[in-house]
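Residue numbers (the working numbering): -3 to 63.
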């Protein structure tokens, strides 16, 4: 059984926090890209199922021509 010193745990916690801090911008960027793709698909798509579901919204926004 190995003995762990208290300062080693603090060092490990700092590594985890630093890793999470660095991955946060990547996660936020991925979420923004996904939101953009979803909005583009719903608002600018000519796929009938998407068009019919968002037809009134497209007209209400007045800058997305649909026909």
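Glycine included, C-beta positions come from ideal geometry on N, C-alpha and C.
(message) Just to check my reading of the structure: residue 46 and residue 60 have Cβ atoms closer than 8 Å, yes? What is that Cβ distance to the nearest angstrom?
(response) In fact, because the Cβ distance is near 12 Å, the residues do not count as touching under 8 Å.
(request) Starting from residue 46, trace the alpha helix (DSSP H) both ways and give me its first and last residue. (result) 44 to 49
(request) Just the C-alpha distance for residue 20 and residue 27, rounded to the nearest angstrom, thanks. (result) Taking C-alpha positions only, residue 20 is separated from residue 27 by approximately 11 Å.
(request) Whole angstroms is fine: what's the gap from residue 38's alpha carbon to residue 58's? (result) 15 Å
(message) Measuring only the C-alpha atoms, how far is residue 18 from residue 33?
(response) 24 Å
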